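Enquirer: Protein chains in written order, with full-length UniProt numbering: chain A, 1 to 237; chain B, 1 to 237.
All C-beta atoms, glycine included, are put in the ideal place defined by N, C-alpha and C.
Every value quoted in this text rests on a predicted model; they were computed, and no experiment measured them.
There are 2 protein chains.
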Amino acid sequence: MQSQDLTVVHDGTALTGRLIWDETRTGRRPGVLVIHEATGLGEHAIERAERIVREFGYVAYAMDEFGETPADMDAILGWIGKLLGDPAELHGRLAAALRGLAEQPMVDPDRLAAVGHCFGGTSAIELAGTGADLKAVVGFHAGLQGTGSTDAGAIRGKLLICNGAQDPFVTPEILQAFSNEMIAGGVDWQMNLYGRARHSFTNRDADALGSEAYGYDADADRRSWEAMRALFLDVLG
Amino acid sequence: MQSQDLTVVHDGTALTGRLIWDETRTGRRPGVLVIHEATGLGEHAIERAERIVREFGYVAYAMDEFGETPADMDAILGWIGKLLGDPAELHGRLAAALRGLAEQPMVDPDRLAAVGHCFGGTSAIELAGTGADLKAVVGFHAGLQGTGSTDAGAIRGKLLICNGAQDPFVTPEILQAFSNEMIAGGVDWQMNLYGRARHSFTNRDADALGSEAYGYDADADRRSWEAMRALFLDVLG
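#1: In the DSSP assignment, the beta strand (DSSP E) including residue 306 of chain A goes from what residue to what residue?
#2: Distance, Cα to Cα, A/Arg229 vs A/Gly215?
#3: Between B/Ala14 and the ligand MG, is there a pair consisting of the residue's CB and a ligand heavy atom that are separated by less than 6 Å?
#4: For my contact list, B/Ala14 and B/Val34 are in at a C-beta cut-off of 8 Å; report their separation, rounded to the angstrom.
#5: If the criterion is Cβ atoms closer than 7 Å, does the pair A/Ile155 and A/Val187 meet it?
#6: Check the Cβ-Cβ distances between B/Glu23 and every residue of chain A, and say whether any is below 7 Å.
#7: Which chain A residues sit within Cβ distance under 9 Å of B/Ala165?
#8: At the 7 Å Cβ level, is B/Glu55 part of the contact set with chain A, yes or no?
#9: Closer than 7 Å by beta-carbon distance: list the chain A residues that pair up with B/Arg196, in chain order.
#10: For A/Thr24, name the three-state secondary structure that DSSP assigns.
#11: According to DSSP, A/Gln190 sits in a beta bridge with which residue or residues?
#12: I want to verify the contact list: residues of chain A whose CB lies under 7 Å from the CB of B/Glu212, in sequence order.
#13: Could you pull out every unbroken alpha helix (DSSP H) segment of at least 4 residues lying fully inside the region 16-101 of chain B, listed in chain order?
#14: Does chain A have any CB closer than 7 Å to the CB of B/Pro168?
#15: Quick one: which chain B residues come within Cβ less than 8 Å of A/Thr226?
#16: Under 8 Å: do the region 66-77 of chain A and the region 134-149 of chain A share three or more Cβ pairs, one atom per stretch?
#17: Do B/Gly164 and B/Phe201 have their C-beta atoms within less than 7 Å of each other?
#18: Check the Cβ-Cβ distances between B/Gln176 and every residue of chain A, and say whether any is below 7 Å.
#19: For B/Pro109, does the three-state DSSP call read helix, strand or coil?
#20: Spatial neighbours of A/His44 within its chain, please: C-beta separation below 6 Å, excluding the five flanking residues on both sides.
#21: Verify whether the separation of the beta carbon atoms of B/Thr150 and B/Glu126 is less than 7 Å.
#22: I think A/Gln4 touches A/Glu23, with their Cβ atoms under 8 Å apart; what is that distance to the nearest whole Å?
#23: Here's a check: name, in chain order, each residue in its chain whose Cβ is nearer than 7 Å to the Cβ of A/Ala184, leaving out the five neighbours to either side.
#24: Mind listing the chain B neighbours of A/Arg156? Cutoff is C-beta to C-beta under 7 Å, in chain order.
#25: Could you give the residue range of the alpha helix (DSSP H) that holds B/Gly121?
#26: Note down, in chain order, every chain B residue with its Cβ under 8 Å from the Cβ of A/Arg223.
#27: Measure the alpha-carbon distance for B/Gly92 versus B/His10 and round it to whole angstroms.
#28: Going by DSSP in three states, A/Phe201 sits in which element: helix, strand or coil?
#29: Pick helix, strand or coil for A/Ala165, following the three-state DSSP scheme.
#30: Under 7 Å, do A/Pro30 and A/Arg99 count as touching if we go by C-beta distance?
#31: Looking at the unbroken beta strand (DSSP E) that takes in B/Gly185, where does it start and where does it end?
#32: For chain B, check one thing: does any of its Cβ atoms lie closer than 7 Å to the Cβ of A/Pro172?
#33: Give the list of continuous alpha helix (DSSP H) stretches no shorter than 4 residues that lie fully inside the region 132-159 of chain A.
#34: Since I believe B/Leu134 is in contact with B/Ala102 (beta carbons under 8 Å), could you give me their beta-carbon distance rounded to a whole number of angstroms?
#35: Given a threshold of 16 other Cβ atoms within 10 Å of its Cβ, counted over all protein chains shown, does A/Ser224 qualify as buried or as exposed?
#36: In whole angstroms, give me the CA-to-CA distance for A/Ala128 and A/Lys158.
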């Protein structure tokens, strides 16, 4: 596997993420935009991007959504509030990153997907809702309340949400509102709820947060990865 | 593939289902109890049982839960009301069928599963809730309101529910109550919701019912079958 920094710019803000690919493959292959949790770009998103390259042979881009690593929970909540409150800024950053990926000569721009975690999942759904040409969108422990400025009817690809049934950030009311929105938009969507899982169930560092809201769950991690694999094989090849 | 009628008796009632197996295999293998929709034992359940034998090599028993084919919707609702209102009768019929399957010399009684559709899904969950030794329980467009007489804490196997997000028989309130019950019981459970799917989405005859509530959905049918396959490979081998 090879990797290099890839910087994209939106409205004067430089966002440097990690582009990863398998140098033993040739020809254009699917490209997957990987969007980190609200804690910022770090090991978790990069490792998952690497795994996508290793297991599927695609090109992955672990983008940086914030341009910095939030120092603490206040900073994290600040970023979420700032980007949800400014859809043009959020969508602009995401579109710049997707374009940066799609322009790579080894990427097939007709086979793009976005995979997001936590607020990155929210972001992936937002990007799809702008009408971006994404064949698949996967959200892991994804926040399901977006900017309210997009139209589910604009979603072109297949959507898979993998969430914990015990994720306190996604209440039954939020689930229901999201479901109604997707149904109204005629989206091809699936929601897998993992019964024992909480927020951040794919992140081995989640337990260290010491909160009941967060927790790594090996079963849900494995099952959700396999659900993503099935969708990728179906739509990206 | 071979098949033969298999009659089990509960409290004087004879229930004749179809036992199906691959005669080219030897040794004890997993046994799957297949429970039909509320329309009674017919082609749909038998075809799915055959497919389980063909694809996984297990032994399948498409049981008869009613002992008759309900003549019309009144008769269907009558059976659902009768069995939900008499848990001992429901559980006794299911236990008799599971025992009939487990006693087959080609079945490994330590690797049993139950797969149910519609009210058969409700029934499979009920059977698990009696503490039956089922390694996996799968419900397709399953009703999620049972007799209220079982304890989720008694469920020993892994539970997978594959339902349509547009199934009008499973309201958000019912989903939430079911989720709370499974969480309280500490069950290893998953719920896959298929966004475009309605009730009976695995049944090609569903559209002929001419009701908005029912509909075949090829995507949900395929995806839910693959989800069952992943669970079976995980727990039955």
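Expert: For this structure:
#1: Given that chain A is displayed from residue 1 to residue 237, the structure contains no residue 306 of chain A and the question cannot be resolved.
#2: Residue mapping note: residue 229 of chain A aligns to position 229 of the first sequence, counting from 1. Residue mapping note: residue 215 of chain A aligns to position 215 of the first sequence, counting from 1. CA-to-CA, the gap between A/Arg229 and A/Gly215 works out to about 23 Å.
#3: This structure lacks the ligand MG; in fact it carries no ligand of any kind.
#4: By 1-based counting over the second sequence, the position of residue 14 of chain B is 14. By 1-based counting over the second sequence, the position of residue 34 of chain B is 34. In fact, because the Cβ distance is near 19 Å, the residues do not count as touching under 8 Å.
#5: Numbered from 1 along the first sequence, position 155 holds the residue referred to as residue 155 of chain A. Numbered from 1 along the first sequence, position 187 holds the residue referred to as residue 187 of chain A. For A/Ile155 and A/Val187, yes; Cβs fall inside 7 Å.
#6: Counting from 1 along the second sequence, the entry for residue 23 of chain B is found at position 23. Chain A places no beta carbon closer than 7 Å to that of B/Glu23, leaving this residue out of the contacts.
#7: Residue numbering aside, residue 165 of chain B sits at position 165 when the second sequence is read from its first letter. Residues of chain A whose Cβ lies closer than 9 Å to the Cβ of B/Ala165 are, in chain order, Ser179, Met182, Ile183, Trp189, Gln190, Met191.
#8: Looking up residue 55 of chain B in the second sequence gives position 55. False, the Cβ-Cβ gap to chain A never drops below 7 Å.
#9: As a working mapping, residue 196 of chain B is identified with position 196 in the second sequence. Chain A residues near B/Arg196: Asp188.
#10: Residue mapping note: residue 24 of chain A aligns to position 24 of the first sequence, counting from 1. DSSP places A/Thr24 in the coil class of the three-state scheme, outside both helix and strand.
#11: For this step, residue 190 of chain A is matched to residue 190 along the first sequence. As computed with DSSP, A/Gln190 is found in a beta bridge with A/Leu160, B/Tyr194.
#12: The sequence position of residue 212 of chain B within the second sequence is 212, counting from 1. Within chain A, no residue comes near B/Glu212; the closest Cβ sits about 13 Å away, beyond 7 Å.
#13: Complete alpha helix (DSSP H) runs here, min 4: 43-56, 73-84.
#14: As a working mapping, residue 168 of chain B is identified with position 168 in the second sequence. Taking Cβ atoms only, chain A never reaches closer than 7 Å to B/Pro168, which makes this a no.
#15: One-based indexing of the first sequence puts residue 226 of chain A at position 226. The sequence given here has Glu at residue 226 of chain A, not Thr. Residues of chain B whose Cβ lies closer than 8 Å to the Cβ of A/Glu226 are, in chain order, Ala230.
#16: Cβ pair count under 8 Å is below three, so no.
#17: Residue 164 of chain B sits at position 164 when you count from the first residue of the second sequence. Residue 201 of chain B sits at position 201 when you count from the first residue of the second sequence. Yes, the Cβ-Cβ distance between B/Gly164 and B/Phe201 is below 7 Å.
#18: Counting from 1 along the second sequence, the entry for residue 176 of chain B is found at position 176. Between B/Gln176 and chain A, the shortest Cβ-Cβ separation is below 7 Å.
#19: Locating residue 109 of chain B in the second sequence gives position 109, where the first residue counts as 1. In the structure shown, B/Pro109 falls within a strand segment according to DSSP collapsed to helix, strand and coil.
#20: Residue 44 of chain A sits at position 44 when you count from the first residue of the first sequence. Excluding residues within five positions, the ones whose Cβ falls inside 6 Å are Asn203.
#21: Residue 150 of chain B sits at position 150 when you count from the first residue of the second sequence. Residue 126 of chain B sits at position 126 when you count from the first residue of the second sequence. Taking 7 Å as the Cβ cut-off, B/Thr150 and B/Glu126 qualify as a contacting pair.
#22: Position 4 of the first sequence, counting from 1, holds the residue named residue 4 of chain A. Position 23 of the first sequence, counting from 1, holds the residue named residue 23 of chain A. Not a contact, Cβ separation roughly 11 Å.
#23: Here residue 184 of chain A refers to the residue found at position 184 of the first sequence. Listed in chain order, the non-local C-beta contacts of A/Ala184 below 7 Å within the same chain comprise Ala152, local neighbours out to five positions each way being set aside.
#24: Walking along the first sequence from the start, residue 156 of chain A turns up at place 156. Those do not exist, as A/Arg156 stays about 15 Å from chain B at its closest Cβ, beyond 7 Å.
#25: Locating residue 121 of chain B in the second sequence gives position 121, where the first residue counts as 1. It spans 119-129 - the alpha helix (DSSP H) in which B/Gly121 sits, taken as one unbroken run.
#26: Counting from 1 along the first sequence, the entry for residue 223 of chain A is found at position 223. Here the neighbours are Gln190, Ala230.
#27: The residue labelled residue 92 of chain B in the question sits at position 92 within the second sequence. The residue labelled residue 10 of chain B in the question sits at position 10 within the second sequence. Separation of B/Gly92 and B/His10 (C-alpha to C-alpha, rounded to the nearest whole angstrom) is 6 Å.
#28: For the purposes of this step, residue 201 of chain A is taken as the residue at position 201 of the first sequence. Under the three-state reduction of DSSP, A/Phe201 is assigned to coil, being neither helix nor strand.
#29: For this step, residue 165 of chain A is matched to residue 165 along the first sequence. Judged by DSSP in its simplified three-state form, A/Ala165 adopts coil rather than helix or strand.
#30: For the purposes of this step, residue 30 of chain A is taken as residue 30 along the first sequence, with counting starting at 1. For the purposes of this step, residue 99 of chain A is taken as residue 99 along the first sequence, with counting starting at 1. Going by C-beta atoms, A/Pro30 is not nearer than 7 Å to A/Arg99.
#31: Position 185 of the second sequence, counting from 1, holds the residue named residue 185 of chain B. From DSSP, B/Gly185 is part of no beta strand (DSSP E) but of the alpha helix (DSSP H) over 172-185.
#32: Within the first sequence, numbered from 1, the residue matching residue 172 of chain A stands at position 172. Interface with chain B (7 Å Cβ-Cβ cutoff): A/Pro172 is included.
#33: Uninterrupted alpha helix (DSSP H) stretches at least 4 residues long and entirely within the region 132-159 of chain A do not occur.
#34: Residue 102 of chain B sits at position 102 when you count from the first residue of the second sequence. Residue 134 of chain B sits at position 134 when you count from the first residue of the second sequence. Between B/Ala102 and B/Leu134 the beta-carbon gap is near 10 Å, outside 8 Å, which marks them as no contact.
#35: Position 224 of the first sequence holds residue 224 of chain A. Counting the other Cβ atoms within 10 Å of the Cβ of A/Ser224 gives 16 or more, which makes it buried.
#36: Within the first sequence, the letter at position 128 stands for residue 128 of chain A. Within the first sequence, the letter at position 158 stands for residue 158 of chain A. Using only the alpha carbons, I get a separation of about 10 Å.
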